[in-house]
Amino acid sequence: MLRILINALRTGVVTTRYPAEPSVPPDRFRGAPVFRPGSHLPPPSVCPAGAISEHFDAAGRHVALDLARCIFCGQCAEDPWTDAVSMGRDFELAAHRRDDLRIEVVADQPAIPAAAPDRNAQALRASSEIHRVLGRSLHLRHLDAGSCNACDWELAALLNPVYDVRRLGIDFVASPRHADGVVVTGPVTRNLETAVRRTVEAIPDPRVVIAVGACAASGGIVGEGYASAGGVDRVLPVDVYIPGCPPRPEAILFGILVAVGRLNARSARRQE
Amino acid sequence: MTDPAFTDALRVCASGSVDASVGPRPSDLTVRLSRTGDLPAAAAALIGPHSMALATVVATDETATPDGDLKVRYVFEPTAPGAPDRFVTLLVSVDAAYPEVPSLTTVVPAANWHEREMQDLFGIVPVGHPDPRPLVVHDGWPRGVFPLRKSFDGSHRVPVEPADEFPHLVAEGEGVFEIPVGPIHAGIIEPGHFRFTSVGETVLHLDARLFYTHRGLEKRMEGLSPLDAFYIAERICGVCSAAHGLGYCEALEQIAGVDAPPRARLIRSIALELERLYNHVGDVGNICAGAAFHYGTATGARLKERLQQMNERLTGNRFLRGLVVPGGVHLDLPADLLGALAVTIQDTLSGLDGLMGRIEANPSVVDRLDDTGILQHQAAVDLAVAGLAARASGVDRDARRDHPHGAFAGPHPPDLHVVTIPDGGDAMSRVTVRALEARESIRLIGEFVRRLDPGPLRVALQEPLPGGRIGISAIESPRGEAVHWLRLDAGGRVERYHLRSPSYHNWPAVVLAAETAIVPDFPLVNKSFELCYSCTDR
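Protein sequence lines correspond, in order, to chains A and B.
Just so you know, the first sequence maps onto residues 1 to 272 in my numbering.
Just so you know, the second sequence maps onto residues 273 to 810 in my numbering.
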């Protein structure tokens, strides 16, 4: 017992200061791809996840990147596209709407969000309702809807001594009856669809639904298929989408704080 | 290398013709049996006198080819330490109009789930299977629809039909309770359903139902460019990303006829050992959670977090995604990162030694682990249990030695200390093996780093890659041997890919081990195996 106390004291405090202080990911970290204006952007076939699309109209070539589908592999920033695309370091990507995660470039002009921000969206109202009823604290139930376990591990990491989300009034609870919302990982498999619906229905209103990772946010590399619904919003309304494959723990934490209205989503910040 | 003694042994027990040929690799043997009825005797000859084990079973739909049939390949591998690296495939042709094969499960218990899976996904019926319940497709799946047949379009959802409750295998009697657990669990863990029947605290029987996370990934990969399909293989399982990515790459490189350069092979092996290390260290911590030893849980989580942060510095991803790629590795490991890595693994070593010291000095933890969840040696052999779960029950198998890959495939492979516990089998043995293997991983990483010489990182794979050839690889992932089987079509696209993960063979062992324990110890038993659901379910 004494040895344990001595070891604990010697280890000291290992907890991060995020979000009070910004977190800087390491040099090799692959965050949101950055399209460079004025250069010829890569074709959709470059992306193994199908996150890049293009179409043509009178204005020219439209190239769109769906961050919800992106697996952050970096293929679009490889030779010969290194001048056109680079992998940025931004990981705070959570948004209230799928459309806010679409970045579109028209005729190689500067990147714009595909959808105009809509501060009165249904999702935002749900968030403010959560904020009004529950205050700044949020208790969440985790729901694995067919994930590869990477997003699950990152959620579990939020409870480790380094991220320790309980310091922010956030916790993961065992019963949906005790929860204010769910964090869902995975694309919602056929074999889990009933369990997913029943779990969410067991959570009292108002409740927040957070889709964590590419599979939950868009179907990701799984997509729609005989065994997969292709994303949480095919089954349930989603309040916050957190891109990443998987999102790093701080990216998930950012999304949770967006859901409870304590931080602004990226699309809202960009307008300010 | 067609071994005459081997094929003669198979001819003796077969009533039909037996055609042996070399392949898929030069060291492998493929034996075509003209009569499916010869399968059980042939399989018995392989696992009995030749002490081989079932490695994987791969069904394919070849109805659109000139053969016009379904095929099943039963792949076996030697189990004796020091045996040559080889796979022996028993190949049978199945008439698509009458898709039946004799079940091997009573002869080869490890074939149990493979046969149920092939019945669900291909409609190939294992005649005489002792437990032919559906495995992969759950309630409400339409009858007569087989998703891995080529004629099935897998890109859309399939309606759920009304269904009866799944027939769980339960014990009955006075005072017998049924305890349903899952698929949604209380913690942040993967989904599965466990139906216990118990008398008091004692587990009489456990029926585990998995495949809740079945995403249809093998079907999803079919028809894709093999270079794009790699990103799916790498994402079958989060915590085996490096191992499964590497297994797919080695299978693809065999098909392409290329070898990754020496520096890339060393970096791949560093990634494999880093993956093993963060898994093992985190799992020792999680086992402490099962024994309510929270200091241990927090210490394990802290050490694992440090390693995952190191992963992110090395590869840009906390699960090592994006390092291993077809043809080699995508990123180099420069001296400054190697220096940081050396410090991290040394700190991990002292942290792990401290944690194990606290566990071993804590009677309340040791008492929970000792003699809990016993997996008998013979059961581990019969079920072809893989990895540390097998080694903790005295089975001396390790794919790094038995099927050399990564840096072990080079001309002067490093020594590997394979940790086995001959009289083990309980949860404490699995904790001990984990700790010893983590130390061995730290030693190996140091050894690989010392061997790094400047050189190319990657060879180019030119598409289209050749169709018709089979690539097969076996990788020692954190949980044990994973077997990858890949074949491309005439256009160089993925025709069939199959992964047999270590968890696939180990789940039935968890059930056996749980039946030696009491209900409250199940979390501990389960965590001592720490298996993946996602790479079992795919």
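Where is the CB? At the ideal position from N, CA and C, for every residue including glycine.
At what residues does the alpha helix (DSSP H) containing ASP674(B) begin and finish?
Counting from 1 along the second sequence, the entry for residue 674(B) is found at position 402. 671-674 is the extent of the alpha helix (DSSP H) around ASP674(B).
For LEU771(B), the first and last residue of its enclosing beta strand (DSSP E): By one-based count along the second sequence, residue 771(B) stands at place 499. Counting along the chain, the beta strand (DSSP E) containing LEU771(B) begins and ends at 766-772.
**Asked** Going along the chain, which residues of its own chain have a beta-carbon closer than 6 angstroms to the beta-carbon of GLY74(A), five neighbours each way excluded?
**Response** Start at 1 with the first residue of the first sequence, and residue 74(A) comes out as number 74. Close CB contacts of GLY74(A) within its chain, under the 6 angstroms cut and outside five residues either way in sequence, are with ARG30 and MET87 (chain order).
Identify each residue in the region 474-492 of chain B for which the Cβ-Cβ distance to at least one residue of chain A is less than 9 angstroms, and report them in chain order. PHE483, TYR484, THR485, HIS486, ARG487, GLY488, LEU489, LYS491 and ARG492
Test: LEU603(B) CB closer than 8 angstroms to a CB of chain A | Residue numbering aside, residue 603(B) sits at position 331 when the second sequence is read from its first letter. Output row for LEU603(B): interface = yes.
Self-check item: Euclidean distance between Cα positions of ASP695(B) and ASP643(B)
Solution: Numbered from 1 along the second sequence, position 423 holds the residue referred to as residue 695(B). Numbered from 1 along the second sequence, position 371 holds the residue referred to as residue 643(B). Whole-angstrom Cα-Cα distance: 11 angstroms.
ask   = Does the distance from the CB of ILE456(B) to the CB of ALA156(A) come in under 8 angstroms?
value = Here residue 456(B) corresponds to residue number 184 of the second sequence, with the count starting at 1. Here residue 156(A) corresponds to residue number 156 of the first sequence, with the count starting at 1. Against a cut-off of 8 angstroms, the Cβ pair of ALA156(A) and ILE456(B) comes out as no contact.
Exercise. What is the rounded straight-line gap between the Cα of ARG279(A) and the Cα of ILE221(A)?
Worked result: Nothing can be reported for residue 279(A): it is not among the residues displayed for chain A, which extend from 1 to 272.
For the beta strand (DSSP E) that TRP757(B) lies in, which residues bound it at each end? Taking the first residue of the second sequence as position 1, residue 757(B) is located at position 485. Segment 752-760, the beta strand (DSSP E) holding TRP757(B).
Could you tell me whether the Cβ of VAL24(A) comes closer than 8 angstroms to any Cβ of chain B? Indexing the first sequence from 1 puts residue 24(A) at position 24. With 8 angstroms as the cut-off, VAL24(A) does not count as an interface residue toward chain B.
One or two residues paired with ASP66(A) in a DSSP bridge
Residue mapping note: residue 66(A) aligns to position 66 of the first sequence, counting from 1. Looking at the DSSP assignment, ASP66(A) forms a beta bridge with ARG102(A).
inquiry  = Between the alpha carbons of ALA202(A) and SER137(A), how many angstroms are there, rounded?
reply    = As a working mapping, residue 202(A) is identified with position 202 in the first sequence. As a working mapping, residue 137(A) is identified with position 137 in the first sequence. Rounded to the nearest whole angstrom, the C-alpha separation of ALA202(A) and SER137(A) is 20 angstroms.
Contacting residues, own chain, Cβ-Cβ under 7 angstroms from HIS777(B) (five flanking each side not counted)
As a working note, residue 777(B) is residue 505 in the second sequence. So the qualifying residues of the chain are ALA382, LEU655, ALA656, VAL657 and ALA658.
Closer than 7 angstroms by beta-carbon distance: list the chain A residues that pair up with GLU577(B), in chain order. By 1-based counting over the second sequence, the position of residue 577(B) is 305. Here the neighbours are ALA157, ASN160 and VAL162.
_Residue from LEU518(B), GLY557(B) and GLY600(B) whose Cα sits closest to the Cα of ASP531(B)_ = Along the second sequence, read from residue 1 onward, the residue named residue 531(B) stands at position 259. Selected option, being the one with the closest Cα: GLY600(B).
Unbroken alpha helix (DSSP H) run spanning HIS552(B), endpoints | Residue mapping note: residue 552(B) aligns to position 280 of the second sequence, counting from 1. First-last of the alpha helix (DSSP H) with HIS552(B): 534-562.
>> Just to check my reading of the structure: LEU524(B) and LEU758(B) have Cβ atoms closer than 8 angstroms, yes? What is that Cβ distance to the nearest angstrom?
In response: Here the question's residue 524(B) lines up with position 252 in the second sequence. Here the question's residue 758(B) lines up with position 486 in the second sequence. Rounded, the Cβ-Cβ distance is 6 angstroms, consistent with contact.
Query - Interface flag, GLU735(B) vs chain A, CB-CB below 8 angstroms - result: Within the second sequence, the letter at position 463 stands for residue 735(B). No, no contact with chain A.
For VAL223(A) and HIS440(B), I'd like the C-alpha separation in whole angstroms. The sequence position of residue 223(A) within the first sequence is 223, counting from 1. The sequence position of residue 440(B) within the second sequence is 168, counting from 1. Rather than Val, the amino acid found at residue 223(A) in this sequence is Gly. Using only the alpha carbons, I get a separation of about 31 angstroms.
Let's test the definition: count the other Cβ atoms within 10 Å of the Cβ of SER218(A) and tell me whether it reaches 16, buried, or not, exposed. By one-based count along the first sequence, residue 218(A) stands at place 218. Answer is buried; the Cβ neighbour count reaches 16.
Using the Cβ count rule (16 or more neighbours within 10 Å means buried), how would you classify VAL183(A)?
Numbered from 1 along the first sequence, position 183 holds the residue referred to as residue 183(A). Buried, by the Cβ-count rule.
(message) So for ALA514(B), helix, strand or coil by DSSP?
(response) For the purposes of this step, residue 514(B) is taken as residue 242 along the second sequence, with counting starting at 1. Three-state result, ALA514(B): helix.
Entirely enclosed beta strand (DSSP E) segments - the region 128-188 of chain A, minimum 3 residues: Counting whole runs of 3 or more residues, the region 128-188 of chain A contains the beta strand (DSSP E) stretches 138-144, 170-172 and 181-185.
- Does the beta carbon of SER800(B) come closer than 8 angstroms to any beta carbon on chain A? To locate residue 800(B), count along the second sequence from 1; it is residue 528. No, SER800(B) lies away from the interface with chain A (no Cβ there is under 8 angstroms from its Cβ).
Please tell me whether THR430(B) has its Cβ less than 8 angstroms away from any Cβ of chain A.
The residue labelled residue 430(B) in the question sits at position 158 within the second sequence. First, the amino acid is wrong: residue 430(B) is Val here, not Thr. Yes, contact with chain A.
Rounded separation between LEU544(B) and ASP392(B) - CA only: In the second sequence, residue 544(B) corresponds to position 272, counting from 1. In the second sequence, residue 392(B) corresponds to position 120, counting from 1. Spanning the two alpha carbons is a distance of roughly 33 angstroms.
Quiz item: Does the Cβ-Cβ distance between GLU522(B) and LEU592(B) come in under 8 angstroms?
Solution: In the second sequence, counting from the first residue as 1, residue 522(B) sits at position 250. In the second sequence, counting from the first residue as 1, residue 592(B) sits at position 320. Against a cut-off of 8 angstroms, the Cβ pair of LEU592(B) and GLU522(B) comes out as no contact.
Residue interval of the beta strand (DSSP E) (run including ILE292(A)): Absent from the model: residue 292(A). The displayed extent of chain A is 1 to 272, so no value can be given.
- request: Determine, using beta carbons only, whether GLU490(B) and HIS770(B) come nearer to each other than 8 angstroms.
  value: To locate residue 490(B), count along the second sequence from 1; it is residue 218. To locate residue 770(B), count along the second sequence from 1; it is residue 498. Cβ distance < 8 angstroms, so GLU490(B) and HIS770(B) count as in contact.
_Using a Cβ-Cβ distance cut-off of 8 angstroms, determine whether ASN120(A) contacts chain B._
Translated into the one-based positions of the first sequence, residue 120(A) becomes position 120. Residue placement at ASN120(A) is poorly supported in this model, since its pLDDT is 46, which falls under 50; the coordinates still yield a value, given next. No, ASN120(A) lies away from the interface with chain B (no Cβ there is under 8 angstroms from its Cβ).
Interfacial residues, the region 409-443 of chain B to chain A, with Cβ spacing under 7 angstroms: HIS410, PRO419, GLY426, SER427, HIS428, ARG429 and VAL430
Fill in: In chain order, each beta strand (DSSP E) run of at least 3 residues that lies wholly inside the region 301-384 of chain B
301-305, 324-334, 341-350, 360-366 and 372-374
Exercise for review: Could you pull out every unbroken alpha helix (DSSP H) segment of at least 4 residues lying fully inside the region 438-504 of chain B, listed in chain order?
Suggested key: 489-493
Opposing strand residues paired with SER299(B) [DSSP bridges]
Counted from its first residue, the second sequence places residue 299(B) at position 27. Its beta-bridge partners do not exist; DSSP assigns none.
Original post:
Should ARG10(A) be labelled buried (16 or more other beta-carbon atoms within 10 Å of its own) or exposed?
Top reply: If you number the first sequence from 1, residue 10(A) lands on position 10. With fewer than 16 other Cβ atoms within 10 Å, it is exposed.
Inset, instruction - Go to MET87(A), then tell me how far its beta strand (DSSP E) extends in each direction, as first and last residue. - result: Against the first sequence, residue 87(A) aligns to sequence position 87. Counting along the chain, the beta strand (DSSP E) containing MET87(A) begins and ends at 85-87.
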